[in-house]
Structures are given as structure tokens and as C-alpha cells.
Amino acid sequence: MAGITVLALTTGLAALAEFLRQGRALAPLSVLTGGLRVFRTSAAWSVLAPLAVAGAAGTAVAAALAAPVAAHGESSVTGELIAATIGVVFVVGAFLWVWASRVAVRQARRWRPGGE
């Protein structure tokens, strides 16, 4: 479980860094759209969605690969472990999504005339 958490964090932080690097280019959109929702949506697609898809797909593949061994009682891959793994990846993804959204909104407010 610790390994999955570390992998999710490192992958998520890499996606977060890439999103924030491109976030400066998104700042003018906040003026054009009249709101900051574009940052939350783009953060969700850049950070949360890839982690959620990778977590769900990776867990499904791991469960399928472990199924023949688990059928004979020789595996420690249980349903609870699979559920916990998916949960950890989704929680890490949601945390990084909120973080990316807040930082991007802060960048957009600095870009606007009269911003912070």
C-alpha cells in the first residue's frame, strides 16, 4: 500500500508540475471567460482524470493477474486490498486536483489587472 501511495504521489506531482507550468498560458482565459471555473476543469482533466483512470485500470489488471493464484488461496491480494488501493489513488488524485486548482486560480488572479 505504501508503494502505491508513493507512486500515485510522484505521478500526481509530475502532472501537477506540468499543469502549473502551462497554467500561466491559461491565465488570460479567466478574463475572456469571466470566471475561474476553466482552471478547475482543466486541473481535473490534467491531474485528477489521469490518476483516476490509471488507478482503476491498474487495479483491474492487477486483480486479473492475481485471480488464478488467488483462486487457490495462495495470494494475499484480497478484495479489501484492491478497494483500499483504488481509494488511496482517488484520494491522492482529489488532493492534488484541489491543490492544482487553488494554485492556478491564484496565478490567474495575479495576472488580472488589479489582482493580488
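Our numbering puts the sequence shown at residues 28 to 143.
Where a beta carbon is used, it is the ideal one built from N, C-alpha and C, also for glycine.
Alpha carbons only, please: which of the options is nearest the one belonging to residue i?
| i | options | result |
| --- | --- | --- |
| ALA42 | ALA111, THR68, ALA84 and LEU78 | LEU78 |
| ARG137 | THR38, THR37, ALA29 and ALA52 | ALA52 |
| ILE113 | ALA127, VAL96 and GLY82 | GLY82 |
| ARG133 | VAL33, LEU47, GLY30 and THR38 | LEU47 |
| ALA29 | ALA70, VAL115 and ALA84 | VAL115 |
| VAL33 | VAL118, VAL104, GLN49 and THR68 | VAL118 |
| ALA131 | VAL96, PRO55, ALA93 and ALA111 | PRO55 |
| PHE122 | LEU59, ARG67, GLY50 and LEU63 | ARG67 |
Got a sec, what are the start and stop residues for the alpha helix (DSSP H) residue i sits in?
| i | result |
| --- | --- |
| VAL65 | 64 to 70 |
Rounded to the nearest angstrom, how far is the Cβ of residue i from that of residue j, given a contact under 8 Å?
| i | j | result |
| --- | --- | --- |
| VAL74 | GLY39 | 6 Å |
| TRP126 | ALA71 | At roughly 12 Å, the Cβ-Cβ gap does not stay under 8 Å, so TRP126 and ALA71 are not in contact. |
**Prompt:** Which full runs of the alpha helix (DSSP H) of 4+ residues lie inside the region 67 to 136, going along the chain?
**Reply:** Within the region 67 to 136, the complete alpha helix (DSSP H) runs of at least 4 residues fall at 76 to 97.
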